[in-house]
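Engineer: What follows is a single structure, and I will ask about it in a moment.
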Amino acid sequence: MHVINDSDAYPSERDAVQRLAPQPCTIRDTGLTDSFLGELVCKHLHDAGVLDMTRLVERLALTGAVLEEVLAFLRKDGRVEVLGQVGQTSVQALRYGLTERGRSFARDALARSGYIGAAPFPVSTYRSLIKIQTIHHGRVTANDMNRALAGVVLTQGMLDQLGVALNSGRAIMIYGPAGTGKTYVSSRLIRLFAEAIWVPHAIVINESVIEIYDPQVHQRLDDNSQSNNLMLNEGIDRRLLCCKRPIVITGGELSMEQLDVRYDPFTRQYQAALQLKASNGLFIIDDMGRQRMAPAELLNRWIVPMEEKRDFINLGGGRHCELPFDLVLVFSTNLNPLELADEAFLRRIGYKVQFGYLKPEEYERIWRQECERLGIPYDPLLVRYVLQRLYAGEGMPLVPCHPRDLLNMALDRQRYLGGSGPLLPQELEWAWHNYFVQLDFL
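With full-length UniProt numbering applied, the sequence shown corresponds to residues 1 to 442, in that order.
So this is what it looks like as structure tokens:
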């Protein structure tokens with residue numbers, strides 16, 4: 001597997017998705033019922049007033065052939081009428097609107113479900129899609145790790161430990177003191193999985209529509225072969241969006257409700273669980289042990305998914321749905337793992353990677369990197385002064401985030417006083433005494 005260049009992986013994966021989800025040409029091909037699609041079209045017309053075929057294709061992400069079949073059904077039933085043509089006399093220029101019966105039908109449909117978006121993807125096909133695009137199909141090598149984490153100050157032993165953990169397909173726990181780079185490093189692991197995947201706008205479970213695509217989580221990519229076939233019944237189903245593999249990072253704000261499908265009674269829509277949005281990607285639970293629920297409660301939520309590679313989604317009313325659990329699950333904590341869970345549970349996680357304090361030469365490398373990033377000269381005498389006078393003098397451990405913070409604070413003071421030029425030792429001392437909590441008054 002290549003870290004950046006996905007030219008080898010992309011075609012074969014795309015072909016597999018193409019075979020699984022080609023453009024539908026009929027209602028039957030969509031995996032949805034004519035009544036469901038009829039309701040969705042009526043909701044769009046109720047929302048927009050009048051739409052032509054081009055706008056309907058854009059809104060529902062379906063081919064014109066499928067929509068013509070749905071519209072014929074709705075017109076025959078007296079819910080949709082043709083309101084003339086726009087411009088040329090082509091079929092696609094016809095304008096459609098709701099009849100009075102159609103408006104009443106749309107209001108009833110909206111009372112049951114507030115979803116107005118692209119036609120959802122059937123959950124049965126979505127299960128197969130997740131399996132095809134599994135994040136565990138590749139083989140991470142030492143070279144991959146070195147490229148993905150180039151510029152990050154880590155020992156080769158730690159890089160190897162992370163790479164082997166990723167290859168295992170098991171959950172990973174990263175632990176160590178605050179500021180040692182756990183979140184920064186774990187968030188960069190997604191670079192190891194650079195191939196494109198396809199994400200549905202939404203999925204449908206029975207009659208319940210759950211939105212999957214989230215622009216804050218999924219970064220869309222240009223799929224030239226898809227865009228070239230917008231008006232043809234070719235290519236991959238337009239209900240799927242070409243995206244980068246997702247990464248979801250959540251911290252102390254995480255609640256148990258976010259790990260299950262939630263129903264909003266005001267919008268009458270279902271919101272996807274976080275791990276569902278992270279499917280085929282990376283899910284980092286940061287600040288483990290700082291959440292509002294007990295650590296044991298949160299960890300117990302993952303026992304079945306970690307062991308059986310499947311998750312059960314609760315839709316309320318006693319309804320459940322089983323979906324593949326395909327993601328790299330990372331727990332990150334500043335606490336002692338033995339305080340969060342017993343040894344029996346920790347064995348289920350598999351890999352525990354400890355992040356610690358730096359050696360002086362590692363600290364100097366980070367200091368040099370931060371100087372380059374900030375565009376200021378690197379002064380080896382200054383960093384030596386900081387290490388010997390400040391750190392050694394106060395017995396403070398060397399933490400990876402300190403160079404960035406101390407240099408930025410020293411520059412803040414320099415700008416405030418109208419100064420310029422290389423930083424001086426007294427400016428770093430000022431930053432030091434403002435950065436750390438002083439307890440001289442006790």
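Idealized CB from N, CA, C, for every residue including glycine.
Values in this document were obtained by computation on a predicted structure and should not be read as measured data.
1. Start and end of the beta strand (DSSP E) containing SER208?
2. Going straight from the alpha carbon of MET201 to that of ALA278, what length do you get?
3. From which residue to which residue does the beta strand (DSSP E) around CYS243 run?
4. Which whole runs of the alpha helix (DSSP H) in the stretch 367-408 are 4 residues long or more, in chain order?
5. Looking only at its chain, what residues have a beta carbon closer than 7 Å to the beta carbon of LEU98, apart from the 5 residues adjacent to it on each side?
6. Alpha carbon to alpha carbon, how far is GLY418 from VAL304? Give it in angstroms, no decimals.
7. For VAL199, I'd like the list of residues in its chain whose CB is within less than 7 Å of its CB, leaving aside the five on either flank, ordered along the chain.
8. Taking Cβ positions, are PRO295 and MET306 nearer each other than 8 Å?
9. Which residue comes first and which comes last in the beta strand (DSSP E) that contains LYS359?
10. Just to check my reading of the structure: GLN271 and ASP264 have Cβ atoms closer than 8 Å, yes? What is that Cβ distance to the nearest angstrom?
11. May I have the straight-line CA-CA distance separating HIS137 from ILE285, to the nearest angstrom?
12. Grab me the residues of ILE135's own chain with a C-beta within less than 7 Å of its C-beta, minus the 5 sequence neighbours each way, in chain order.
13. I'd like to check one pair, ILE366 with VAL185: are the Cβ atoms closer than 8 Å?
14. In chain order, which continuous runs of the alpha helix (DSSP H) of length 4 or greater are located wholly inside the stretch 137-206?
15. Am I right that ALA118 and LEU60 are in contact with their C-beta atoms under 8 Å? What's the rounded C-beta distance?
16. Please find out if some non-hydrogen atom of the ligand MG comes closer than 7 Å to the beta-carbon of GLU394.
17. When DSSP labels each residue in this structure, what does LYS309 get in the three-state scheme?
18. Rounded to whole angstroms, what's the CA-CA distance from GLY375 to LEU424? Just pull it up for me.
19. Could you spell out the range, first to last residue, of the beta strand (DSSP E) harbouring ARG347?
20. Under a Cβ-count criterion, where at least 16 other Cβ atoms within 10 Å of its own Cβ denotes burial, should VAL57 be classed as buried or exposed?
21. Of all the beta strand (DSSP E) runs that stay within the bounds of the stretch 271-339, which reach a length of 3 or more residues?
22. Please classify SER332 as buried or exposed, where buried requires at least 16 other C-beta atoms within 10 Å of its C-beta.
Structural biologist: Inspection of the coordinates gives the following:
1. SER208 -> beta strand (DSSP E) spans 208-211.
2. The sequence given here has His at residue 201, not Met. Cα atoms of HIS201 and ALA278: separation of roughly 14 Å, rounded to the nearest angstrom.
3. Run containing CYS243: 240-243, per the beta strand (DSSP E) assignment.
4. Taken in chain order, the whole alpha helix (DSSP H) runs of length 4 or more contained in the stretch 367-408 are 380-385.
5. The residues are CYS42, LEU45, HIS46, ARG79, VAL80, ALA106.
6. Between VAL304 and GLY418, the C-alpha separation is close to 59 Å.
7. Cβ-Cβ distances below 7 Å link VAL199 to ILE212, TYR213, HIS218, LEU240, LEU241, CYS243 in the same chain, with the five nearest sequence neighbours on each side left out; the list follows chain order.
8. Contact flag unset, no.
9. The continuous stretches of beta strand (DSSP E) do not include LYS359, and DSSP gives it neither H nor E.
10. GLN271 to ASP264, Cβ: 6 Å. Contact.
11. Roughly 23 Å separates the two Cα atoms.
12. Same-chain partners within the cutoff: PHE193, ARG245, ASN280, GLY281, ASP326, LEU327, VAL328.
13. The answer is no: Cβ separation not under 8 Å.
14. Here the runs fully enclosed are 142-148, 156-168, 182-188.
15. 6 Å between Cβ atoms; contact.
16. Of the ligands one can find in the structure shown there are none, so the ligand MG has no counterpart to examine.
17. When DSSP states are grouped into helix, strand and coil, LYS309 belongs to the coil group.
18. Spanning the two alpha carbons is a distance of roughly 16 Å.
19. Not the beta strand (DSSP E): ARG347 falls in the alpha helix (DSSP H), residues 343-349.
20. With 16 or more other Cβ atoms within 10 Å, it is buried.
21. Unbroken beta strand (DSSP E) stretches of 3 residues or longer found wholly inside the stretch 271-339: 281-285, 310-316, 319-324, 327-333, given in chain order.
22. When all chains shown are included, SER332 counts as buried.
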